[in-house]
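Read in order, the letters of the sequence shown are residues 107 to 302 in my numbering.
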Amino acid sequence: MIRRTQAERSDETTGRLVLAARELFGAQGYAVTSIDAIAVAAEVTKGAAYHHFGGKVELFRAAFVGELEAVDAKLEQVAAEEGDPWAALRRGCRTFLEHCLDPGFRQIVLLDAPSVLGWETTREIEYGHMLRIVLDGLRLAVACGQAPDGDLPARAQIIFGALCEGGMLLARSQSPAADLPRIAAEADRFLEALRL
């Protein structure tokens, strides 16, 4: 039998807590999800949850980052699959909106994060994830002559803001899947207006 190090055991416990937090916060929302419920779902003690995260807000933040990392992976896969930078940017925007159909992502990222973490903290964390990918896509499109040069960080934030608003429309919709084509089409029109 191989003995694990303390760091390995700690990483496993942290991973189980974050996974359980993503599932419960995503299904029930922040307000009704307790640390006790997360600890039970992760099969750890409540003390272990507090030891690793300090409280419910810190655990929510880790779940939020986990959700962003999941969408980042999808967006980076899209960028790798598309040979054309502008097509990658357009497909990435559509992929983000499609990801907004996931109930857990909608609940954690779009609905709960701004009130739990605050708008500024939420955006700051998002900027290190999805916004970075949008900015990288814009830079590639400019380098290939597909988009005009200019203040690309500001343009990336404007695009990202528009996508987040599109995500909020889906999050608050009675029929998100039915509304996706309409919202995605408008996002695509918005992007096309920025192209050379």
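The C-beta atom is built at its ideal place from N, Cα and C for all residues, glycine as well. What you are looking at is a predicted structure, and each value in this text was computed from that prediction instead of being measured.
An exposed status is given to A260, since fewer than 16 other beta-carbon atoms sit within 10 Å of its beta-carbon.
DSSP places R301 in the coil class of the three-state scheme, outside both helix and strand. Note on T228: 16 or more other CB atoms within 10 angstroms of its CB, so buried under the neighbour-count rule. C-alpha of H235 to C-alpha of T120: approximately 21 Å in a straight line. The residues L237, V240, L241, L244, in chain order, have a CB closer than 7 Å to that of A262 in the same chain once the five nearest residues on each side in sequence are set aside. Between A148 and R167, the C-beta spacing is not below 7 Å. Proximity of the segment 201-208 to the segment 175-186 meets the contact definition, three or more beta-carbon pairs being nearer than 8 Å.
Here D218 is buried, its C-beta having at least 16 other C-beta atoms within 10 Å. For the set S279, S221, P282, W192, the Cα lying nearest the Cα of P254 is the one of W192. Straight-line spacing of the CA atoms in L125 and D208 works out to 16 Å. A direct Cα-to-Cα measurement between L286 and H157 gives close to 41 Å. With fewer than 16 neighbouring CB atoms inside 10 Å of its own CB, L302 falls in the exposed class.
A direct Cα-to-Cα measurement between V248 and A169 gives close to 34 Å.
The DSSP assignment places complete alpha helix (DSSP H) segments of no fewer than 4 residues inside the segment 250-301 at 258-277, 282-298, in order along the chain.
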